[in-house]
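Q: The structure under discussion is supplied below as C-alpha cells; questions concerning it will follow.
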C-alpha cells in the first residue's frame, strides 16, 4: 500500500487520471509540480460540468443559466477566501500570479516619486522581478535586492539594510521556485510595516503546499496561481487588504469593472470586481474552487508533512550519488534542485524522461539567481500529494542511468 | 540500443566532452554571442574571414547541454575554408545530418543554436564590419 505517514496516497492517486498513463512505455512519474500540478477528476469534471450544464456569462445575464454561473463563480471566491483566511471582497481573480504581480506593480507604483525605493530579493522569479524593474525604470524608482547568504536563505542583515524609510514596497516570494528556500515572510512583513512600506508576497509555491493564513502573515497583498494547486490554468488570485484595494487604481479597464460610464468620466465597480475587467475565466475559477475543496478535505497540514517527508527522503537518496550537487538550504519546500557533475541539466531531464520521470531543467525563470549561484541551470524535481517514495527510488535509478550514459 | 542511447551516442558525447575548435580568437574578423533562454545554452563564435570572403579560422566558446555543444563543435569542423556564400546556404537539415540523431522540437533549439550563431555572425560581418573596413 502506498502511503506516507501523512497521506493515503493510493486513494489520492485514483483521483488523477493522468497518473495512469505511460511515457516511453514506462509509468509516468510526475516530478514537475512546481511548474504545474496535475488535476483530479473532480476539477476536470467541474470544468466540463460548467460548459455542459450552465455555461453563461457572469453578473450580466438575467436568466437561469446566468444566475447559476454567477452563483458558482462567486461561491468559488468565497471558498478561496476561507482557504487563506481572507474576506470575500479581498479575493481578486486574475489570470495567474504573473498577472497578479503586474497588477500590483502598476497600481501600487502609481503616485510614487523618483527616488522612492522598491525592495525585492535575489530569489525572485522573473514575474516578481521584471514588473518592478520595468516600473522602476519608467518612473525613476530605485530597485534594491535582498541578498542571499551562503545557505541560499535571505540574509537577515541584508533584509534590515535594504528596507528603510525610503522603501515604499517590499515584494518577496514565500517559497523559492528555483531552490525551495522558505522565506520568513511574517518577519519581513513586520520590518516592511515598521518602515511604512507595503508588503507583497508571491505565494505561487506556498499556497499549494502549506496552510496559509493571510491575516496572520499580515502582508498587504498575497499573490498565487491556481494551476499549481490542482486547479486549471488561466486563474490566479490577488489577495489584498480591503482598505488598500479600495484606494488603488484599477489595472485593467473595461466591462464588469465599472459602475457608471459617461462621456465625462467613469466610476468604478465595488471590490472585488473593480479589478476584474472583462469576462473572467469562469470555468477555471469554479474549477479552482473545487481544487480548494479537494485540498481542504485532505488537509493542508497533512500535505505539508507529506511533501516534507518526500523531500527529506529524496534528499537523503540523492546525496548517496557521487557528483551530485543540491542547491538551497537544508529545510526546503518540496523541491530538489540539483546538478550532476559533467552533465547539463537539459541532458539530465532528457534521460530521466526516457525512464518516464518528468522534471524541469533550466534557469526556472530565475536568471539573476542563477548568476548569484554561479550556474546557468539546474535540474529540479518537485513533489506533491500524489507522489511516493517508490517513485523517488525510480528517479534515483534514472540518475544513475544519466551517469552511465555520460560516463561520469 | 534504446532511443536515449541513440541520442547520446558516442560521437555526440565525444564532441561534448572534447569539443573541437574550442576557445576564442582575439583578432577575429567577427565574433557573436547567442543565447537560448529556454535552457541557458550559450555559444559565442569567432571567425577570421579573409579578403576573398573565406573563413580561414573558427573557434567557439560557450556552455550548455550536450546537443548544443556537440552541434557547435561539429559545425566548426565543417566550415573552415568555406566561403561566406557557402555559410549562408547552410541549412538546418545539414546540421541535423551532422548530428545524426532524432530530436524533439524542444531539443531542436539546442541543436540549431550554433547554426543561428554562425549565420548571424556572418550577417553582422556583411552588414556592419566589412563596410567599415
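Residue numbers (my numbering), protein chains in the order written: chain A, 1497 to 1904; chain B, 81 to 213.
Beta carbons: idealized from backbone N, C-alpha and C, even for Gly.
1. Counting only Cβ pairs nearer than 9 Å, list the residues of chain B close to residue 1872/A.
2. Would you list, in chain order, the members of the stretch 87–98 of chain B that have their beta-carbon closer than 9 Å to a beta-carbon of chain A?
3. Which whole-angstrom value is the C-beta distance of residue 1859/A and residue 1872/A, which I expect to be below 8 Å?
4. Once DSSP output is grouped into helix, strand and coil, what is the label at residue 1726/A?
5. Is the separation between the beta-carbon of residue 1509/A and that of residue 1882/A shorter than 8 Å?
6. Would you mind listing the beta strand (DSSP E) stretches within the stretch 1699–1782 of chain A that are 3+ residues and don't spill past its ends, in chain order?
7. Could you confirm whether any beta carbon from chain B is found closer than 8 Å to the beta carbon of residue 1854/A?
8. How long is the line joining the alpha carbons of residue 223/B and residue 150/B, rounded to whole angstroms?
9. Give, in chain order, every residue of the stretch 1883–1895 of chain A whose Cβ lies closer than 9 Å to some Cβ of chain B.
10. Residue 105/B and residue 197/B: beta carbons closer than 8 Å?
11. Report yes or no: do three or more beta-carbon pairs, one from the stretch 1606–1622 of chain A and one from the stretch 1634–1652 of chain A, lie closer than 8 Å?
12. Residue 83/B CB to nearest chain A CB: under 8 Å?
13. Buried or exposed: residue 1589/A, going by 16 or more other Cβ atoms within 10 Å of its Cβ?
14. How many angstroms separate the CA atom of residue 1615/A from the CA atom of residue 1662/A?
15. Give me the DSSP bridge partner(s) of residue 1858/A.
16. Using only the alpha-carbon positions, how far apart do residue 1600/A and residue 168/B sit?
17. Going by DSSP, which residues form a beta bridge with residue 1695/A?
18. For residue 1796/A, which option in 1738/A, 1866/A, 1705/A and 1831/A has the closest C-alpha, if you only look at C-alpha atoms?
19. For a contact meaning CB atoms closer than 8 Å, what does residue 1843/A contact in chain B?
20. Relative to the C-alpha of residue 1647/A, which residue among 1774/A, 1676/A and 1855/A is closest?
21. When DSSP labels each residue in this structure, what does residue 1574/A get in the three-state scheme?
A: Let me lay it out:
1. Going along chain B in sequence order, the residues near residue 1872/A (Cβ under 9 Å) are 119, 120, 121, 122, 143 and 144.
2. Considering only beta carbons, the part of the stretch 87–98 of chain B lying closer than 9 Å to chain A consists of 87, 88, 93, 96 and 97, in chain order.
3. The C-beta separation of residue 1859/A from residue 1872/A comes to about 7 Å, placing the pair in contact by the 8 Å criterion.
4. Under the three-state reduction of DSSP, residue 1726/A is assigned to coil, being neither helix nor strand.
5. Yes, the Cβ-Cβ distance between residue 1509/A and residue 1882/A is below 8 Å.
6. Qualifying beta strand (DSSP E) stretches, in chain order: 1717–1721, 1732–1736, 1754–1758 and 1761–1764.
7. Not an interface residue.
8. Residue 223/B lies beyond the range of chain B shown here (81 to 213); nothing can be said about it.
9. Listed by position, the residues of the stretch 1883–1895 of chain A near chain B (Cβ gap below 9 Å) amount to none.
10. No, the Cβ-Cβ distance between residue 105/B and residue 197/B is not below 8 Å.
11. Enough Cβ pairs lie closer than 8 Å, so yes.
12. Residue 83/B counts as touching chain A.
13. A buried status is given to residue 1589/A, since no fewer than 16 other beta-carbon atoms sit within 10 Å of its beta-carbon.
14. Straight-line Cα distance between these residues: approximately 10 Å.
15. DSSP lists 1874/A as partners of residue 1858/A.
16. Taking the straight line from one Cα to the other gives about 47 Å.
17. According to DSSP, residue 1695/A bridges with 1666/A.
18. Each of 1738/A, 1866/A, 1705/A and 1831/A was checked against the Cα of residue 1796/A, and the nearest Cα belongs to 1705/A.
19. In chain order: 88, 145, 146 and 147.
20. From the listed residues 1774/A, 1676/A and 1855/A, the smallest Cα separation to residue 1647/A is found for 1676/A.
21. Reduced to three states, the DSSP call for residue 1574/A is helix.
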